[in-house]
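First residue of the sequence shown? That's 1 in the UniProt record's numbering, and the numbers climb one at a time after it.
Accompanying notes for the structure given below.
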Amino acid sequence: MSGARVWVAVGVIRDEMGRICICQRQAGQHQAGKWEFPGGKVEAGETLPQALTRELQEEIGIQVEACEPLLAIEHDYGDKQVLLDVWLVSRFAGVARGLEGQPLRWVSVPELADYGFPAANQAIVAHLQGMRQD
Ligand SMILES: Nc1nc2c([nH]c(=O)n2[C@@H]2O[C@H](COP(=O)(O)OP(=O)(O)OP(=O)(O)O)[C@@H](O)[C@H]2O)c(=O)[nH]1
Ligand SMILES: [Mg+2]
Numbered sequence: 001m002s003g004a005r006v007w008v009a010v011g012v013i014r015d016e017m018g019r020i021c022i023c024q025r026q027a028g029q030h031q032a033g034k035w036e037f038p039g040g041k042v043e044a045g046e047t048l049p050q051a052l053t054r055e056l057q058e059e060i061g062i063q064v065e066a067c068e069p070l071l072a073i074e075h076d077y078g079d080k081q082v083l084l085d086v087w088l089v090s091r092f093a094g095v096a097r098g099l100e101g102q103p104l105r106w107v108s109v110p111e112l113a114d115y116g117f118p119a120a121n122q123a124i125v126a127h128l129q130g131m132r133q134d
């Protein structure tokens, strides 16, 4: 246990074919090598949609046009405590690319099971697997 809880805006970005955007966390980052949904820390004074919009522009170069809250997850990694505010991004402009050098893939919901995610993400994956896909 150390430090305060980190508040994170996380985007489950869905394209018109129902695929989800995932990125691989880089060497030197917390949970390196694991796959994630793009996003990052909420800065002072930001709302969740503002933080999400900024992070997705910075990390993958897309502009959020429509988003809605999906679920919130608290998790204690031992070395770090996080609160993930997970939002569904159902409309966006631009072409997603890994602007920080991170590998990026679009995968179907069933394919999410083939990727290693941080422990906190298991609840997100389970939620998506239980959702209607239309
Ligand atoms: N973006 C993102 N972070 C996640 C996910 N799951 C999860 O446990 N986290 C944790 O949330 C924390 C903050 O996310 P982040 O590292 O993306 O924050 P950031 O973009 O502001 O990065 P920075 O610190 O390099 O500026 C990390 O400890 C990360 O391990 C996820 O699906 N997406
Ligand atoms: Mg990030």
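Note that beta-carbon positions come from the ideal geometry of N, C-alpha and C, so glycine has one too.
Please read these numbers as outputs of a predicted model, since none were measured by experiment.
- The three-state reading of DSSP puts residue 88 in strand, counting E and B together.
- In the DSSP secondary-structure assignment, residue 66 is bridged to 91.
- Beta-carbon to beta-carbon, residue 128 and residue 20 are separated by about 7 Å, close enough to satisfy the 8 Å threshold.
- The three-state secondary structure of residue 12, taken from DSSP, is strand.
- Ranked by Cα distance from residue 25, the first of 18, 34 and 17 is 34.
- CA-to-CA, the gap between residue 11 and residue 4 works out to about 22 Å.
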